[in-house]
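Numbering (this note's numbering), first residue to last: 3 to 544.
Following: one structure in structure tokens, then a few remarks.
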């Protein structure tokens, strides 16, 4: 094998998950004896240096700065998605030429034998690869649907490869072919004569490109095992050994496995952040994870107060990703007496970190709160984590409704209309539901609900948590009348909490009253138990 055949360039842009996977692949290929260069976001340059990889940073949008621009804040506040998209397109066009120049020079200078590329910069990499006679393969990571279980990716809007080919490649050829062709002539020199025609580029963008000189095969599985994530400590965690079948449009250079739960880089957190996260993870109560995209940067103060006040109301612990949005405790200033109370609570129970490695923290979180990201919705689904969606507008609204329809979480109409009381109520309900599995165990519990079982259950850890939950819901309903016993999404839950809360108060003072069990059974009308008929009876009762 020639020297050039041992060189691989990785070109990627995208989310935290995609970028982390490309970083791992770069380290694994280097361990296999390949010379690896990477072209990606500037945020990952330090991590590539830790691995000893040649890294070229692409210029990108500084979302934290851009989203505080007056035009962006105005568009987000008014819910005007076209205006925001138009503003971002203008900002993107200023750096597009520089990005293309950087990519050209990086691939031309390294002269790789293979280019592995993510979906976003694929149309540029294909054009450059065609001009330089370099094989370019798209590397995607998708989890298929389990037989009989629909995956969230089947419902949420996601940029498929065919849509990518039709939208970006066609737009790239039709609107800027002459302009970018002239730039290629300047930046690639003699190789610019290989500037592709639309037919050539679309042929390269087929479902399965073939390069006779490249021995590539379809990757059929990914092996994942949950391991320690905190330095100098190893936690006894449940092992997650599984093989996920992948689609045929995923290629690999060598038959290697990817460990989704471990990192090949240095710790992403500072020593102080690592100790705080470790203290949260070692407690019995799993923390709540808050992570938002750059669209919330225009109103970081409101988002910070919403997250912290909801955590304080429910007395839950939380991890807040503050990187792209500018969330910080300084936004609690000026809240009067409540300011000192919230800051004192955050010192012991809340961690704000610049960036969250989802592969490490998300599987351990009790609830994930986000703004409707397709990637996060799919990742929560794959890891069986409940989620609360606080969409801003646009695609997040569609994803939020799909999350509710699939019964994998809750959502508010929009981030601006979300109140701390609503979020606190949702957090407590879903966190309790995830911890005890009580709502999912309705049918199992009612079938064996005898006196001896109920006595033992009340004393068990599950019973203690359920008692805390019922008292919270019962007191909240009696004092604030937050959810009334009417038709609606929360009606059946409120009826259940009301009747069972009343029964629980009497149980504590007078013992077990099994004569009320029929009333409790009638009050339950959720998911896997009695169904709509019971809910109808509840609404008809005085």
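Each residue gets a CB set at the ideal place from its N, CA and C atoms; glycine is no exception.
Check your understanding: Over what stretch of residues does the beta strand (DSSP E) that includes residue 410 continue unbroken?
Key -> Translated into positions along the chain shown, residue 410 becomes position 408. Note, residue 410: premise wrong, no beta strand (DSSP E); not H, not E.
**Study point:** Test item: CB-CB of residue 139 and residue 126 under 8 Å
**Key:** The residue you call residue 139 lines up with position 137 of the chain shown. The residue you call residue 126 lines up with position 124 of the chain shown. No, Cβ-Cβ distance for residue 139 and residue 126 is not below 8 Å.
Check your understanding: Rounded to a whole number of angstroms, what is the C-alpha to C-alpha distance between residue 77 and residue 71?
Key -> Taking the chain shown and counting its residues from 1, one reaches residue 77 at position 75. Taking the chain shown and counting its residues from 1, one reaches residue 71 at position 69. Answer to the nearest angstrom: the Cα atoms are 10 Å apart.
Exercise for review: Report the option in 49, 48, 135 and 54 whose CA atom is closest to the CA atom of residue 33.
Suggested key: If you number the chain shown from 1, residue 33 lands on position 31. Looking from the CA of residue 33, the closest CA among 49, 48, 135 and 54 belongs to 54.
Exercise for review: Below 7 Å CB to CB, which residues in the same chain sit around residue 310 once its five sequence neighbours on both sides are set aside?
Suggested key: For the purposes of this step, residue 310 is taken as residue 308 along the chain shown, with counting starting at 1. So the qualifying residues of the chain are 334, 344, 348 and 352.
Check your understanding: Nearest to residue 113 by alpha carbon, out of 412, 302 and 12?
Key -> Taking the first residue of the chain shown as 1, we reach residue 113 at position 111. If we check each option's Cα against that of residue 113, 12 comes out closest.
Point to revise | Beta-carbon spacing of residue 373, residue 354 below 8 Å | key: Start at 1 with the first residue of the chain shown, and residue 373 comes out as number 371. Start at 1 with the first residue of the chain shown, and residue 354 comes out as number 352. No, the Cβ-Cβ distance between residue 373 and residue 354 is not below 8 Å.
Exercise for review: Taking 8 Å as the threshold, find out whether the segment 312-330 comes into contact with the segment 90-100 through three or more Cβ pairs.
Suggested key: Taking 8 Å as the limit for Cβ pairs, the verdict is that the segment 90-100 does not touch the segment 312-330.
Review point. Sorted by chain position, which residues of the same chain lie with C-beta nearer than 8 Å to residue 429's C-beta, five sequence neighbours on each side aside?
Key: Position 427 of the chain shown, counted from the start, is the residue given in the question as residue 429. Excluding residues within five positions, the ones whose Cβ falls inside 8 Å are 290, 312, 313, 316, 318, 369, 371 and 390.
Check your understanding: According to the neighbour-count rule (16 or more other Cβ atoms, all chains shown, within 10 Å of its Cβ), is residue 288 buried or exposed?
Key -> In the chain shown, counting from the first residue as 1, residue 288 sits at position 286. By the neighbour-count rule (16 or more Cβ atoms within 10 Å), residue 288 is buried.
**Study point:** Neighbour-count burial assignment, residue 14, 16 or more Cβ in a 10 Å radius
**Key:** Counting from 1 along the chain shown, the entry for residue 14 is found at position 12. The C-beta of residue 14 has 16 or more other C-beta atoms within 10 Å across all chains shown, which makes the residue buried.
Point to revise | Distance, residue 420 Cα to residue 98 Cα | key: For the purposes of this step, residue 98 is identified with residue 96 of the chain shown, where counting begins at 1. For the purposes of this step, residue 420 is identified with residue 418 of the chain shown, where counting begins at 1. Looking at the two C-alpha atoms, the distance is approximately 36 Å.
Check your understanding: For residue 207, which of helix, strand or coil comes out of DSSP?
Key -> The residue you call residue 207 lines up with position 205 of the chain shown. Here residue 207 scores only 47 on pLDDT, less than 50, and its place in the model is too uncertain to base an answer on.
Exercise for review: Assign residue 301 to buried or exposed, taking buried as 16 or more other Cβ atoms, counted over all protein chains shown, within 10 Å of its Cβ.
Suggested key: Looking up residue 301 in the chain shown gives position 299. Here residue 301 is buried: its Cβ has 16 or more other Cβ atoms, across all protein chains shown, within 10 Å.
Practice item. Starting from residue 359, follow the alpha helix (DSSP H) in both directions and report where the run begins and ends. Key: For the purposes of this step, residue 359 is taken as residue 357 along the chain shown, with counting starting at 1. Membership of residue 359 in any alpha helix (DSSP H) is not indicated, and neither H nor E is assigned to it by DSSP.
Review point. In chain order, which continuous runs of the alpha helix (DSSP H) of length 4 or greater are located wholly inside the segment 325-407?
Key: The qualifying runs are 339-351, 360-363, 376-384 and 397-407.
**Study point:** Range of the contiguous alpha helix (DSSP H) that encloses residue 128
**Key:** Residue numbering aside, residue 128 sits at position 126 when the chain shown is read from its first letter. 124-134 is the span of the alpha helix (DSSP H), which, as asked, contains residue 128.
Exercise for review: For my contact list, residue 416 and residue 395 are in at a C-beta cut-off of 8 Å; report their separation, rounded to the angstrom.
Suggested key: Here residue 416 corresponds to residue number 414 of the chain shown, with the count starting at 1. Here residue 395 corresponds to residue number 393 of the chain shown, with the count starting at 1. Residue 416 to residue 395, Cβ: 7 Å. Contact.
**Study point:** Pick from 116, 342, 122 and 120 that is closest to residue 131, judged by C-alpha positions
**Key:** Stepping through the chain shown from its first residue, residue 131 is reached at position 129. Ranking 116, 342, 122 and 120 by Cα distance to residue 131 puts 116 first.
Point to revise | Any beta strand (DSSP E) of 3 or more consecutive residues that is wholly inside the segment 27-55 | key: Runs of the beta strand (DSSP E) inside the segment 27-55: 37-43.
Review point. Looking at C-alpha atoms only, which residue of 10, 44, 111 and 43 is the closest neighbour of residue 29?
Key: Numbered from its first residue, the chain shown carries residue 29 at position 27. Looking only at 10, 44, 111 and 43, the smallest Cα-Cα distance to residue 29 is reached by 10.
Exercise for review: From the DSSP output, in three-state form, read off residue 294 for me.
Suggested key: As a working note, residue 294 is residue 292 in the chain shown. Coil at residue 294, not helix or strand.
Exercise for review: Along the alpha helix (DSSP H) that carries residue 311, what are the first and last residues, could you check?
Suggested key: The residue given as residue 311 occupies position 309 in the chain shown. From DSSP, the alpha helix (DSSP H) with residue 311 extends over 302-316.
Point to revise | Pair within 8 Å by beta-carbon distance, residue 294 and residue 305 | key: Along the chain shown, read from residue 1 onward, the residue named residue 294 stands at position 292. Along the chain shown, read from residue 1 onward, the residue named residue 305 stands at position 303. Contact: yes.
**Study point:** 8 Å contact criterion, which residue 411 and residue 405 should meet: CB distance rounded
**Key:** As a first step, residue 411 must be located in the chain shown, where it is residue number 409. As a first step, residue 405 must be located in the chain shown, where it is residue number 403. In this structure residue 411 is in contact with residue 405, their Cβ atoms being roughly 5 Å apart against a cut-off of 8 Å.
Practice item. Measure the CB-CB distance between residue 120 and residue 359 and report whether it falls below 8 Å. Key: Position 118 of the chain shown, counting from 1, holds the residue named residue 120. Position 357 of the chain shown, counting from 1, holds the residue named residue 359. Not in contact: residue 120 and residue 359 (Cβ atoms no closer than 8 Å).
Exercise for review: Would you identify the three-state DSSP class for residue 113, choosing helix, strand or coil?
Suggested key: Position 111 of the chain shown holds residue 113. In the structure shown, residue 113 falls within a coil segment according to DSSP collapsed to helix, strand and coil.
Check your understanding: Quick one: what does DSSP say residue 320 is sitting in, helix, strand or coil?
Key -> As a first step, residue 320 is located in the chain shown; it is residue number 318 there, counting from the start. Residue 320: strand per DSSP, three-state reduction.
Review point. Residue 409 to residue 402, Cα distance in whole Å?
Key: What you label residue 409 is simply residue 407 of the chain shown in a count that begins at 1. What you label residue 402 is simply residue 400 of the chain shown in a count that begins at 1. Rounded to whole angstroms, residue 409 and residue 402 show a C-alpha spacing of 11 Å.
Exercise for review: With DSSP collapsed to three states, give me the class of residue 417.
Suggested key: For the purposes of this step, residue 417 is identified with residue 415 of the chain shown, where counting begins at 1. Reduced to three states, the DSSP call for residue 417 is coil.
Review point. Quick one: is residue 133 buried, meaning 16 or more other Cβ sit within 10 Å of its Cβ, or exposed?
Key: Counting from 1 along the chain shown, the entry for residue 133 is found at position 131. Label assigned to residue 133: buried.
Review point. What did DSSP end up calling residue 11 once you bin it into helix, strand or coil?
Key: Here the question's residue 11 lines up with position 9 in the chain shown. DSSP places residue 11 in strand when its eight states are reduced to three.
**Study point:** Contacting residues, own chain, Cβ-Cβ under 6 Å from residue 432 (five flanking each side not counted)
**Key:** Taking the chain shown and counting its residues from 1, one reaches residue 432 at position 430. Cβ within range, chain order: 369 and 388.
Review point. Considering only residues of the same chain and omitting the five flanking positions on each side of residue 424, which have a CB-CB separation below 7 Å?
Key: As a working note, residue 424 is residue 422 in the chain shown. For residue 424, where only same-chain residues beyond five positions count, the Cβ hits under 7 Å are 414.
**Study point:** Buried versus exposed call for residue 356 [16 or more other C-beta atoms within 10 Å across all chains shown]
**Key:** Within the chain shown, the letter at position 354 stands for residue 356. That one is exposed.
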